[in-house]
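One structure is given here, and the rest of the page talks about it.
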RNA sequence: GGGUCUAUGGCGCAGCCAGGUAGCGCACCGGACUUUUAAUCCGGUUGUCAAGGGUCCGAAUCCCUUUAGACCCGCCA
């Protein structure tokens with residue numbers, strides 16, 4: 013790769029943006045405003061994968077702007093979707109009766125938003141705000157209510173048999189050969205999916221339906237038998253996902269949307285509908301893998317193993333999230349909170365590369381790393397490097413100091429010469445690392461094999477440490493005790509580290525013990541004698 | 001049935017998506033430092049980068065085929 017080959021900042025985001033531009037040019041489309049979209053689910057607790065969709069779309073927007081174009085991110089909440097499953101941990105809210113209703117018509121069980129759907133969307137939007145992503149928010153409810161998709165729905169329903177056949181051909185799903193790809197909301201019981209769309213009345217632009225029993229997941233949901241008509245210009249129903257994206261892309265003039273592999277089939281169909289039925293060349297896409305948890309299971313929106321942005325931000329910085337999402341897009345990834353420490357370190361490394369403190373010979377890689385750093389800073393990188401403190405070190409320190417943590421850890425960092433002055437950023441880091449160590453400190457009482465001579469030596473040490481008078485030289489005391497009791501000092505130190513830290517090595521132990529507190533250590537050690 | 005991803009030294013992984021001498025962590029081994037160690041320093045496993053083929057001056061990286069594993073879709077969203 014030579015210098016002139018590099019596009020933008022040299023990352024996959026730039027490459028994607030340039031592919032998009034090339035496509036737009038060959039289509040001969042107007043490029044005054046290139047809109048990108050991200051869909052937000054509103055029926056479950058939004059996890060980091062949902063956030064990723066929007067964050068990456070925003071990255072593409074930044075890349076387009078960097079290449080000299082105007083762009084905008086639409087964050088679209090699918091809040092006309094029906095509630096299918098009650099999320100884990102939300103059993104006590106009596107949501108059962110709301111199954112199959114649009115999430116925007118279900119009251120917020122927490123009482124803080126206008127609906128269940130808005131509550132869920134807000135969690136995601138707050139996550140976006142906290143990592144610094146800017147977006148234009150739209151809701152399905154408003155979109156339908158205002159009839160913004162009316163023309164597209166009309167065209168789709170007129171061509172429903174053609175679409176039904178194509179769906180069967182493309183993805184093997186045959187249901188739309190029989191039914192319209194439109195789900196009315198039953199006017200009587202407010203449920204979607206139970207109301208089966210049988211006929212489109214073209215002149216009136218209404219869909220005729222009958223509300224009957226249906227199966228959602230493995231559960232039967234009762235219909236009410238109501239027969240009604242839904243006006244497609246209102247929020248009385250919604251398109252099926254297989255055709256809805258296409259309608260939205262055309263109506264909002266969307267030029268880019270990323271998608272997870274779980275909706276690959278829907279995207280395939282929607283692309284065809286956009287191109288062939290609506291005459292709107294579909295947006296450029298990029299597909300990404302789902303995040304899996306450490307067991308290799310899909311992170312489900314309705315299960316308990318949810319990694320939300322909020323939870324992540326208790327342990328890591330916003331930049332650690334952005335780095336995770338911008339460093340690459342391909343590849344299945346198992347993700348857990350234990351990835352946070354290495355991402356924190358990787359950010360510092362990128363910063364060192366950016367500011368020239370780490371040399372990289374390969375020009376292309378250098379540019380790419382710098383580019384990644386800029387994206388993680390949303391193309392607004394700081395003028396100077398921040399103070400780097402090893403996150404893992406702070407976790408270790410936080411494990412030891414549980415009371416007055418900020419002060420005491422700060423003092424240690426000053427002693428080690430890691431920092432020169434206390435800074436608010438460092439305090440924040442201590443808070444994050446502290447949360448991390450509190451949440452994931454699985455350190456149990458280590459099994460240490462002690463013979464009698466060692467026990468005797470330990471006892472002597474405990475006595476010495478428990479005494480009221482200050483010990484001048486704890487280090488030497490330990491050494492003397494070991495020696496005079498026929499214990500190899502080397503082994504004795506090792507045992508102490510194992511008991512106190514759970515490791516076989518550690519800091520110089522004398523000063524360290526006085527840091528933790530003599531009596532505290534004496535108490536810990538006495539459990540082994 | 002359809003699709004996607006993954007496969008790299010003993011273990012865990014990075015590098016691949018914009019090709020340019022194969023890396024990191026852990027573990028283990030050898031050496032240096034006569035307890036006084038902030039995760040000490042030096043060296044080490046010569047890795048057929050899953051297998052086979054192709055493109056290229058050059059392939060872990062791009063293309064095709066094969067094998068194994070994982071995941072997604074085939075309700076709905």
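Numbering (this note's numbering), first residue to last: 13 to 541. We put the beta carbon where it would ideally sit given N, CA and C, even for glycine.
Using the C-alpha atoms, what's the distance from residue j back to residue i?
i: residue 37; j: residue 260; result: 22 Å
i: residue 28; j: residue 383; result: 14 Å
i: residue 367; j: residue 402; result: 18 Å
i: residue 371; j: residue 360; result: 14 Å
i: residue 508; j: residue 98; result: 50 Å
i: residue 7; j: residue 525; result: Since the first residue of the chain shown is 13 and the last is 541, residue 7 is not available in this structure.
i: residue 124; j: residue 331; result: 29 Å
i: residue 112; j: residue 252; result: 14 Å
i: residue 60; j: residue 504; result: 46 Å
i: residue 446; j: residue 430; result: 18 Å
i: residue 52; j: residue 88; result: 6 Å
i: residue 441; j: residue 57; result: 27 Å
i: residue 5; j: residue 409; result: This structure leaves residue 5 out entirely; the chain is present only between 13 and 541.
i: residue 354; j: residue 65; result: 22 Å
i: residue 318; j: residue 43; result: 39 Å
i: residue 498; j: residue 539; result: 22 Å
Go ahead and pull the three-state DSSP assignment for residue i.
i: residue 209; result: strand
i: residue 385; result: helix
i: residue 297; result: strand
i: residue 345; result: strand
i: residue 102; result: coil
i: residue 220; result: strand
i: residue 48; result: strand
i: residue 243; result: strand
i: residue 249; result: strand
i: residue 478; result: helix
i: residue 465; result: helix
i: residue 407; result: helix
i: residue 228; result: strand
i: residue 359; result: helix
i: residue 417; result: helix
i: residue 272; result: strand
i: residue 114; result: strand
i: residue 369; result: coil
i: residue 186; result: coil
i: residue 303; result: strand
i: residue 330; result: helix
i: residue 173; result: helix
i: residue 86; result: strand
i: residue 148; result: strand
i: residue 159; result: coil
Leaving out five residues on either side along the sequence, give the residues of the same chain with a beta carbon under 8 Å from the beta carbon of residue i.
i: residue 67; result: 140, 143, 145, 333, 334, 337, 338
i: residue 162; result: 217, 244, 245
i: residue 192; result: 169, 172, 209, 210, 211, 212, 219
i: residue 345; result: 301, 303, 304
So is residue i buried or exposed if we call it buried at 16+ other beta carbons inside 10 Å?
i: residue 198; result: buried
i: residue 20; result: buried
i: residue 422; result: buried
i: residue 356; result: buried
i: residue 537; result: buried
i: residue 187; result: exposed
i: residue 203; result: buried
i: residue 386; result: buried
i: residue 39; result: exposed
i: residue 531; result: exposed
Once the 5 residues before and after residue i are set aside, which same chain residues still bring their CB inside 6 Å of it?
i: residue 448; result: 327, 407
i: residue 478; result: 534
i: residue 522; result: 486, 487
i: residue 476; result: 489
If I measure Cβ to Cβ from residue i and keep anything under 7 Å in the same chain, skipping five residues before and after, which residues do I get?
i: residue 262; result: 164, 286, 290, 292
i: residue 214; result: 170
i: residue 283; result: 294
i: residue 325; result: 142
i: residue 435; result: 399
*Do three or more CB pairs link the stretch 231–247 to the stretch 140–149 at distances below 8 Å?*
Touching, no, given that fewer than three Cβ pairs across the two stretches are closer than 8 Å.
*Do the stretch 76–85 and the stretch 30–48 meet, that is, are 3 or more Cβ pairs less than 8 Å apart?*
As far as the Cβ criterion goes, the stretch 76–85 touches the stretch 30–48, which means the pair count is three or higher.
*Any chance the stretch 127–135 sits against the stretch 263–278, with 3 or more Cβ pairs inside 8 Å?*
With fewer than three CB-CB distances shorter than 8 Å, the stretch 127–135 does not count as touching the stretch 263–278.
*Touching or not, the stretch 372–383 and the stretch 404–418, by the rule of three or more beta carbon pairs under 8 Å?*
Result no; under three Cβ-Cβ pairs closer than 8 Å.
_Tell me whether the stretch 274–284 and the stretch 177–184 touch, counting them as touching only if at least three CB pairs, one residue from each stretch, are closer than 8 Å._
Here the stretch 274–284 lies against the stretch 177–184, with 3 or more beta-carbon pairs under 8 Å apart.
*Flag this pair as touching only if the stretch 148–157 and the stretch 91–106 have three or more C-beta atom pairs under 8 Å; answer yes or no.*
Touching, yes, given that three or more Cβ pairs across the two stretches are closer than 8 Å.
*Touching or not, the stretch 106–117 and the stretch 57–73, by the rule of three or more beta carbon pairs under 8 Å?*
Flag = no, the stretch 106–117 and the stretch 57–73 do not touch.
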